[in-house]
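The letter at position 332 of the sequence shown is residue 321 when you use the numbering used here, and the numbering goes up by one with no holes.
Ideal Cβ placement from N, Cα and C applies to all residues, glycine included.
Read the structure below first, then the notes.
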Amino acid sequence: MFWSVSIQEVIDSSVEYGTKKRGIMDDSSTRRPAPGISPREVRILVKDVLDERPLIVVSNREPYEHSREKDRIVTKKTVGGLVSALDPLLQELHATWVAWGSGNADAETVDEHDGVMVPPDDPSYRLRRVWLSDEEVRLFYEGHANQTLWPLCHLETEKVRYFRQEWDSYQAINRRFAEAAVQELKGRPGVVWFHDYQFATAPSMLRHLQPDSFILQFWHIPWPPWEIFRQHPQRRAILEGMLGCDLIGMHIDLYCENFLDCVRRELNVPVDFERGFIVIDDRTVRVRAFPISVDAEQLDELARSAAVERSLEKDRIKYAPAGQKIGLGVERGDYTKGILLRLKALEQLFSLYPEYRERFTFIQVTPQSREQIPAYAAFQREMSRAIQHINALYGTASWQPIVHIRTAKSTFELSSLFRLADVAVVSARQDGMNLVAKEFIASRCDERGTLILSEFAGASEEMPQALIINPYDVETFAHTMHRALTMSDAEQTRRMRQLRHYLFQNTIFDWIETIFSEVAELKHQGEAGEPLMLLDHLEDIKEAMDRFPHVELFCDYDGVLSPIASRPWDAHLDDQVREYLTKLRDSASVHVSVISGRSLDDLMDLVKVERLTYAGNHGLEISGPRVERIHEDAEHLHQLMQTVYDAMREAMRPFAGVIVEDKQLGVALHYRLADPQIVSDVINVFYRVLEQFNGENLLRATTGKSVLEVRPNIAWDKGRAVLWLLRMIHGANWREDVLPFYLGDDVTDEDAFRALRHKGITVLVGPVPPRGTAAQYRLEHTSDVTAFLEWMTQARE
């Protein structure tokens, strides 16, 4: 939100980081969690997906701004997470960014087509500027965007106002941006990526002008339920405008469901809620959740720097000279952020717990925002009065309970405050995601501090280890602050460590990777039909293999290496398959990994081939010659899983033919042998048991072939596990030397098929499911897998 990307000057490069062993983090608080996908890997992926097509990014805010200072023009990079993530990507791809030219010297720096090459020190991509007059800014940006759509999407209906003149301006500006994107495409089909609520109708305009381009949009704020959205007089035009896209991304599933419901009710077109598809005319639009994130490694590195350490000592002297506990809130002065509710809770805290007077200071960083809009100006005045009231009520000559900072802090200054805070508070009334919560976690390299997080912020769905609050319940809010301030160091570390592990596996680069993997899949579905029969194309496979010195072969177990059995323990491996796996293992150029939903011990016991890599529980636990790991976020759930297993076994006793399997890090319920007439009852009981033990949202349910599973609720699947293994076994540059193969048979393998799109060869074993598959090739049966393994042993001799 406030972060700048120019932080390298304050990073102490002398800091060294340790490595992790299987399932164990070193007790040292300076250890950094393992990262997800790297920026370089993302750039390679996006380049592959584009396949020579141009990429156009469209946003209201520009990545670079030119302004005149005295007698010279200076270039400033815009502060923000989106710019920090997309700027290096666009540099690598030599792409184009279309944005409003807001700098007072922008017009002096562009060419005759309103473009300028950026960044200034190494011009690599084109920034195309679109011009808005002061009146257009008032009507389009300050008007319809921020006084109609913004409050409507944040459920602040009493602040919504609608003027036809502002809507007309909104439409005109959307058309101007769409036309600018078309001009930059220069007649070529490309990929155009719109950002946020300023451009709801531009996608359909672009679709009309350039129908052969792939269009996607990420909506950065919440999407409201139908009962709220229907208040917009032009709701139909907004929905039809957005459905010009091929792919629409939102932060969480709830917003996607709300959008799909609005489309169904208003447009009466086919909507598939389960798959997130909308059929409009002769096209299909996909709506999917992509939770946005931050560059966790960069923020962590800044927080560890010697410069921030020095600043931290100064801040401690300034804000906590007598050793006071510190609370922190950081956000724009916006009525949606729940700041007034927070202030009421603070007043309650000092009333209910007088021991915090002179021993706890809350720092509220609130740069002024959109103060030219009446609702914002009124809110900021009310906030200032509330702070003055609390300070007058409880303050002393030497201490104020609330320190109010009204100016924006730099990246460096915020990093120091995040490190200083004992408690960070995010109390949004409604928020699409809230990146401040993630910035705080990324900055806590000491694994201390507690996050209090509103359940109405999208981030709460990813962070069950935070203290989740309903900010409207002010008294409980105050009690939660007391709980946070008295939390033991051990519990702080446990919670923060888990939050950090999740965050580092789900960074802004993983966000981009997930979006463009979806683009690749949708393009593939539009361009390709059924997967090819693998055994009919072995010459092509051999040609692909010969281009790489190494092959990484991933095989699922049930339904791939072994036929599906009615009872899990009856799925035995044929000796011939075991022989082929052993021969491939002994090949100098092939590495074999068996990846399954089974537990690691069960998988190793069934396969019985030494020196393979085994990945159990969908990759949550891994063992092999070069890597040992239990996923850090799952390891602490062993006891909870055992409790769920015991409860599930007891609950399923009345149902004949139902098998409950203990997978250590999961619980599987097999109903293949059950009477079909009782299956619906079995499923209902399964979900009731899950809900009983899932109050903190630590677990999730997944489905397979006649099986239901309880798994840790972490962003991990076979796709992420495969990419992690490739990096760990072959290094960050594995794409240059390794051709991955993946053989799978069910819905859990689709994650791996998608992850390896454009990176390897993916093979579905069995029939194509009704919803289709992301696999390139297909084998009819496990007997064909045996034949293929025999062929591969000969092909690599």
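If you count every other CB in all the chains shown that lies within 10 Å of the CB of Thr400, and 16 or more means buried, which is it? buried
Continuous alpha helix (DSSP H) stretch holding Met485: start and end: Asp478 to Gln494
Cβ pair Phe644, Ala657 closer than 8 Å: no
Per-residue DSSP class, three states only, for Met422: coil
Look up Val752 in the DSSP assignment and say whether it is helix, strand or coil. It is a strand residue.
Just to confirm the assignment, what range does the beta strand (DSSP E) spanning Ser612 have? Glu610 to Ser612
Host beta strand (DSSP E) of Asp651 (start-end): Ile648 to Asp651
Does the Cβ-Cβ distance between Ser578 and Arg716 come in under 8 Å? no
Where does the unbroken alpha helix (DSSP H) through Ala776 begin, and where does it stop? Ala776 -> alpha helix (DSSP H) spans Thr771 to Ala784.
Taking 7 Å as the limit between beta carbons, can you name the residues of its chain near Trp780, skipping five residues before and five after? Leu527
Have a look at the DSSP bridge pairing and note the partners of Cys544. Val583 and Leu732
Option in Asp40, Met422 and Pro538 with minimal Cα separation from Gly179: Asp40
Helix, strand or coil: which one does DSSP assign to Lys303? For Lys303, the three-state secondary structure derived from DSSP is helix.
Can you tell me which residues form a DSSP beta bridge with Gly327? Paired residue(s): none; Gly327 is not in a bridge.
Quick check for students: name the residue ranges of the alpha helix (DSSP H) that lie wholly in the segment 8 to 73, counting only runs of 4 or more. You should have 28 to 39.
If you reduce the DSSP assignment to three classes, tell me which class Gln206 lands in. DSSP places Gln206 in strand when its eight states are reduced to three.
May I ask which residues mark the beginning and end of the alpha helix (DSSP H) holding Ile376? Pro363 to Tyr383 is the extent of the alpha helix (DSSP H) around Ile376.
As a quick exercise: from Glu450, Leu138 and Gly693, pick the residue whose alpha carbon is nearest that of Ile241. Glu450
In the DSSP assignment, what residue or residues form a beta bridge with Trp182? Listed as beta-bridge partners of Trp182 by DSSP are Val46 and Leu205.
Under the rule that 16 or more other beta-carbon atoms within 10 Å means buried, what is Met231, buried or exposed? With 16 or more other Cβ atoms inside 10 Å of its own Cβ, Met231 counts as buried.
Among Val581, Gly749 and Gln631, which residue has its Cα nearest to the Cα of Ile611? Val581
Assess, as a yes-or-no matter, whether the segment 727 to 735 is touched by the segment 490 to 498 under the definition of 3 or more beta carbon pairs within less than 8 Å. The segment 490 to 498 makes no contact with the segment 727 to 735: fewer than 3 CB pairs, one atom from each, lie closer than 8 Å.
Between Thr507 and Arg277, is the Cβ-Cβ spacing less than 8 Å? The sequence as given places Glu at residue 507; Thr does not occur at that position. Yes, the Cβ-Cβ distance between Glu507 and Arg277 is below 8 Å.
With DSSP collapsed to three states, give me the class of Gly230. In this structure, DSSP gives Gly230 a helical state, which the three-state scheme calls helix.
Kindly give me the distance between the Cβ atoms of Thr85 and Ile45, rounded to whole angstroms, as I take these residues to be in contact under 8 Å. So it is a contact: roughly 5 Å between Cβ atoms.
Quick one: Cα of Glu624 to Cα of Leu654, how far? 8 Å
Starting from Ala645, trace the alpha helix (DSSP H) both ways and give me its first and last residue. No alpha helix (DSSP H) contains Ala645, which DSSP labels as neither H nor E.
CB of Ser27 within 8 Å of CB of Ala721, strictly: In this structure, Ser27 lies near Ala721, with their beta-carbon atoms less than 8 Å apart.
Environment of Gln783 [buried if 16+ CB atoms lie within 10 Å]: With a threshold of 16 other beta carbon atoms within 10 Å, Gln783 falls short and is exposed.
Beta strand (DSSP E) containing Glu155: first to last residue? Unbroken run through Glu155 is the alpha helix (DSSP H), Arg153 to Leu174; no beta strand (DSSP E).
Are the segment 407 to 417 and the segment 317 to 327 in contact at 8 Å, needing three or more beta carbon pairs? yes
Using a Cβ-Cβ cutoff of less than 6 Å, which residues in the same chain neighbour Arg571 once the five nearest sequence positions on both sides are dropped? The sequence as given places Thr at residue 571; Arg does not occur at that position. Only Val598 meet the Cβ criterion.
With a 10 Å radius around its C-beta and 16 neighbouring C-beta atoms as the bar for buried, classify Ala710 as buried or exposed. Ala710 should be labelled buried.
With the cut-off set at 8 Å, would you say Leu228 and Val252 are in Cβ contact? By the CB criterion at 8 Å, Leu228 and Val252 fall inside the cutoff.
Taking the C-alpha atoms as reference points, what is the distance between Thr771 and Ser551? 7 Å
Just the C-alpha distance for Glu680 and Val674, rounded to the nearest angstrom, thanks. 10 Å
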